[in-house]
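Chemist: If you're matching positions, the sequence shown starts at 9 in the numbering used here and goes up one per residue.
The following block contains the structure, expressed as structure tokens.
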Amino acid sequence: MKYVVFLIVCFSALTFLVHCKSKQTKVKPIEISVSNPTDISIADAEVYIPWSALKNKLSGISDEQICVLHNNTVIASQWVDEKPNGKSLLVLVTVPAQSQIKLMITKADDHEGTNSFSKRTYAELSVKEGGTWEWVTKDNGNQQYEYKGGKFKNVESYRVPEQHTDHSFDIRYEGPGWESDKVGYRFYLDWRNAVDVFGKKTAEMVLQNVGLDGFDSYHESCEWGQDIFKVGETLGLGSIAYWSGTEAVRVEKTDSMISRIAMNGLLKSAIETQYYGWQFANSTVDLHSYLSIVGGSRLTHCQLELSKGNPVLCTGIIKYKGIEPETNFADSLSDYVFLATYGLQSLANDSLGLAIIAHRKFVTQITEDKKNQIMVLQPINQKVDYYFLAAWEKELNGITNKKDFNIYLENLIFSFNNPIKISQ
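Now the structure itself:
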């Protein structure tokens with residue numbers, strides 16, 4: 009009799025578990041509409057679906073269990089949690105001109121292919137461990153600390169040591185790097201604090217292998233691409249600076265710096281840097297920088313926040329002899345302003361398009377100094393943001409002439425002025 013009772017209990021428990029599971033899997037899909045009001049098709053449009061719009065209908069389901077369907081097929085998605093919008097679900101979709109597409113948010117259990125997507129963005133910060141700092145005399149006669157020995161290791165966060173400066177050899181390719189399937193970037197995590205460009209010939213993620221075989225190896229053409237930019241004492245592309253009224257002053261003098269990988273995702277990656285005690289023009293402020301990139305895009309979004317005041321800032325593009333800048337600053341009908349150059353301005357003398365884009369509310373002037381084309385920016389409530397991009401002719405399916413670059417830039421500005429509409 010005890011065996012019969014045991015079987016009955018087990019059967020009842022199993023029935024209860026199955027019943028619970030069946031109740032858990034009954035999730036009504038949430039329909040999201042994405043509309044493109046423009047006359048141009050938008051590829052890899054960023055769609056952020058707020059968690060606040062999902063949580064009541066998807067309560068009790070973990071983030072990993074949620075997937076997005078388009079035309080009844082699972083598409084890549086990524087949870088992001090960023091200021092000021094908070095937690096949201098990101099997807100990248102192509103929306104044809106004057107069209108609307110439907111997305112379905114549902115539980116992933118009943119759908120295959122949720123883990124079969126290629127990574128489209130990447131961010132890293134790689135530093136040496138296991139070596140020692142030594143005081144050395146460089147070939148040019150300068151004396152400084154240099155990191156000897158050790159091996160590179162990717163880290164999530166790094167406080168820049170006092171010994172560190174340019175060419176210290178302790179950080180792989182001298183700073184954090186981030187990339188999409190279109191292009192890669194880095195910035196020098198030292199007194200230069202300037203942005204450099206990695207041209208890519210492939211859609212695959214490559215930065216994890218860059219600089220492992222030598223400090224300057226990435227300046228030569230490789231199968232994946234190369235460093236295509238020379239920054240020197242300029243703003244490079246999109247670097248942060250104070251505008252003195254006559255020249256750009258980079259974030260050169262600080263008390264300390266901490267940089268971290270804020271996100272290293274399938275569709276979006278980001279790098280966050282805190283500059284403590286940035287000194288300029290008899291002022292000292294803390295500066296927070298957030299750099300992000302999404303798949304299918306050349307754009308880096310730079311979001312800045314100051315600890316106090318609204319000093320006049322700027323960003324810019326390195327000057328090249330014979331290359332004239334272009335801007336739509338005089339076009340008051342556009343909410344977004346661009347500053348751009350195109351021509352033979354890469355290290356290998358290839359055609360390269362460079363641009364900066366910002367909302368008009370921040371842009372007070374387009375000007376220049378001795379080394380840079382300048383976009384002057386006025387923060388509002390201690391905040392300002394802008395975008396920068398590089399388009400190399402040798403990138404996969406790259407832009408190879410100025411006419412096509414201008415069309416690309418025109419369409420980009422048009423999309424900024426006429427964003428996609430998301431509704432539920």
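Cβ atoms here follow ideal geometry from the backbone N, Cα and C, with glycine treated the same way.
Please read all numbers here as calculations on a predicted model, not as lab measurements.
Would you decide whether K433 is buried or exposed? Buried here means 16 or more other CB atoms lie within 10 Å of its CB.
Modeler: This structure cannot settle anything about residue 433, because the visible part of the chain is limited to 9 through 432.
Chemist: What three-state label does DSSP hand K95 in the structure shown?
Modeler: Residue 95 sits at position 87 when you count from the first residue of the sequence shown. Note: K95 maps to strand in three-state DSSP.
Chemist: How many angstroms separate the CA atom of A289 from the CA atom of G244?
Modeler: On the sequence shown, position 281 is the one that residue 289 refers to. On the sequence shown, position 236 is the one that residue 244 refers to. Taking the straight line joining both Cα atoms gives about 22 Å.
Chemist: When the Cβ atoms of the region 262–273 are set against those of the region 401–412, are three or more pairs found closer than 8 Å?
Modeler: By the Cβ criterion, the region 262–273 is not in contact with the region 401–412, since fewer than three pairs of Cβ atoms, one from each stretch, lie closer than 8 Å.
Chemist: DSSP on W59, reduced to helix/strand/coil?
Modeler: One-based indexing of the sequence shown puts residue 59 at position 51. If DSSP states are grouped into helix, strand and coil, W59 belongs with the helices.
Chemist: To the nearest angstrom, how far is it from the Cα of I345 to the Cα of L355?
Modeler: On the sequence shown, residue 345 is found 337 positions in, with the first residue counted as 1. On the sequence shown, residue 355 is found 347 positions in, with the first residue counted as 1. The residue asked about is misnamed: residue 345 is Val in this sequence, not Ile. So the alpha carbons of these two residues sit roughly 27 Å apart.
Chemist: Can you list, in chain order, the residues of its chain with a C-beta nearer than 6 Å to that of R368? Leave out the 5 residues immediately preceding and following it.
Modeler: Here residue 368 refers to the residue found at position 360 of the sequence shown. Excluding the 5 residues flanking it on each side, R368 has same chain C-beta neighbours closer than 6 Å at D343, V345, in chain order.
Chemist: Short check: CB of S96 to CB of P58, under 9 Å?
Modeler: Reading the sequence shown from its first residue, position 88 is the one you call residue 96. Reading the sequence shown from its first residue, position 50 is the one you call residue 58. It is a contact, given that the beta carbons lie within the stated cut-off.
Chemist: Quick one: is S126 buried, meaning 16 or more other Cβ sit within 10 Å of its Cβ, or exposed?
Modeler: Numbered from its first residue, the sequence shown carries residue 126 at position 118. S126 is exposed by the Cβ-count criterion.
Chemist: Whole angstroms is fine: what's the gap from G139's alpha carbon to K159's?
Modeler: The residue given as residue 139 occupies position 131 in the sequence shown. The residue given as residue 159 occupies position 151 in the sequence shown. About 8 Å.
Chemist: Nearest to S247 by alpha carbon, out of D393, K146, L341?
Modeler: If you number the sequence shown from 1, residue 247 lands on position 239. Taking only the C-alpha atoms, the option nearest S247 is D393.
Chemist: Does the beta-carbon of W143 have 16 or more other beta-carbons within 10 angstroms, so that it is buried, or is it exposed?
Modeler: Walking along the sequence shown from the start, residue 143 turns up at place 135. Looking at its Cβ environment, which holds fewer than 16 other Cβ atoms inside 10 Å, W143 is exposed.
Chemist: From what residue to what residue does the beta strand (DSSP E) around Y155 run?
Modeler: The count along the sequence shown starts at 1 and reaches residue 155 at position 147. Here the beta strand (DSSP E) through Y155 covers 151–156.
Chemist: Grouping DSSP H, G and I as helix and E and B as strand, with all else coil, what is H227?
Modeler: Stepping through the sequence shown from its first residue, residue 227 is reached at position 219. If DSSP states are grouped into helix, strand and coil, H227 belongs with the helices.
Chemist: I believe I7 touches L352 by the beta-carbon criterion, under 8 Å. Please report the beta-carbon distance rounded to the nearest angstrom.
Modeler: Missing from the structure shown is residue 7; the chain here goes from 9 to 432 and no further.
Chemist: On the three-state DSSP scale, how would you describe Q1?
Modeler: For residue 1 there is no data in the structure shown, the boundaries of the chain being 9 and 432.
Chemist: Among V99, K65, D89, which has the Cα closest to the Cα of V443?
Modeler: The structure shown has nothing for residue 443, since the chain only spans 9 to 432.
Chemist: Kindly indicate which residue of P427, L312, T349, W186 has the alpha-carbon position closest to the one of G330.
Modeler: Locating residue 330 in the sequence shown gives position 322, where the first residue counts as 1. Of the candidates P427, L312, T349, W186, the one whose C-alpha sits nearest the C-alpha of G330 is T349.
Chemist: How is G253 classed by DSSP in three states: helix, strand or coil?
Modeler: By one-based count along the sequence shown, residue 253 stands at place 245. If DSSP states are grouped into helix, strand and coil, G253 belongs with coil.
Chemist: Tell me which residues share the same chain as D198 and place their Cβ nearer than 8 Å to its Cβ, disregarding the 5 neighbours each side in the sequence.
Modeler: As a first step, residue 198 is located in the sequence shown; it is residue number 190 there, counting from the start. Same-chain partners within the cutoff: V168, H172, T173, D174, S176, E182, G183.
Chemist: Whole-angstrom Cβ separation of S277 and Y56, contact assumed at under 8 Å?
Modeler: Here the question's residue 277 lines up with position 269 in the sequence shown. Here the question's residue 56 lines up with position 48 in the sequence shown. At roughly 15 Å, the Cβ-Cβ gap does not stay under 8 Å, so S277 and Y56 are not in contact.
Chemist: Rounded to the nearest angstrom, what separates G157 and G240 at their Cα positions?
Modeler: Counted from its first residue, the sequence shown places residue 157 at position 149. Counted from its first residue, the sequence shown places residue 240 at position 232. Between G157 and G240, the C-alpha separation is close to 27 Å.
Chemist: Would you decide whether D339 is buried or exposed? Buried here means 16 or more other CB atoms lie within 10 Å of its CB.
Modeler: As a position in the sequence shown, residue 339 is number 331, starting the count at 1. D339 is exposed by the Cβ-count criterion.
Chemist: Spatial neighbours of Q152 within its chain, please: CB distance less than 6 Å, with the 5 preceding and 5 following residues excluded, ordered by chain position.
Modeler: Residue 152 sits at position 144 when you count from the first residue of the sequence shown. Correct list, in chain order: T173.
Chemist: What separation, rounded to the nearest whole angstrom, lies between the Cα atoms of Y166 and Q381?
Modeler: Working through the sequence shown from its first residue, we reach residue 166 at position 158. Working through the sequence shown from its first residue, we reach residue 381 at position 373. Approximately 32 Å between the Cα atoms of the pair.
Chemist: May I ask which residues mark the beginning and end of the beta strand (DSSP E) holding N272?
Modeler: Position 264 of the sequence shown, counted from the start, is the residue given in the question as residue 272. Run containing N272: 264–272, per the beta strand (DSSP E) assignment.
Chemist: Just to confirm, are T46 and S423 a CB contact at a threshold of 9 Å?
Modeler: Here residue 46 is taken as the residue at index 38 of the sequence shown, counted from 1. Here residue 423 is taken as the residue at index 415 of the sequence shown, counted from 1. Against a cut-off of 9 Å, the Cβ pair of S423 and T46 comes out as a contact.
Chemist: For Y328, which residues in the same chain have their Cβ closer than 6 Å to its Cβ, ignoring the five residues on either side in sequence?
Modeler: Sequence index remark: in the sequence shown, residue 328 carries index 320 (1-based). Counting only Cβ-Cβ distances below 6 Å, and skipping sequence neighbours, we find Q353.
Chemist: Can you have a look at P333 and say buried or exposed, based on whether 16 or more other CB atoms are within 10 angstroms of its CB?
Modeler: Translated into the one-based positions of the sequence shown, residue 333 becomes position 325. With 16 or more other Cβ atoms within 10 Å, it is buried.
Chemist: Can you tell me whether T242 is buried or exposed? The criterion is at least 16 other CB atoms within 10 Å of its CB, across all chains shown.
Modeler: Counting from 1 along the sequence shown, the entry for residue 242 is found at position 234. When all chains shown are included, T242 counts as buried.
Chemist: So is F413 buried or exposed if we call it buried at 16+ other beta carbons inside 10 Å?
Modeler: Position 405 of the sequence shown, counted from the first residue, corresponds to residue 413. Its Cβ being crowded by 16 or more others within 10 Å, F413 is buried.
Chemist: Helix, strand or coil for F422, going by three-state DSSP, please let me know.
Modeler: Translated into the one-based positions of the sequence shown, residue 422 becomes position 414. Assigned with DSSP and collapsed to three states, F422 falls in helix.
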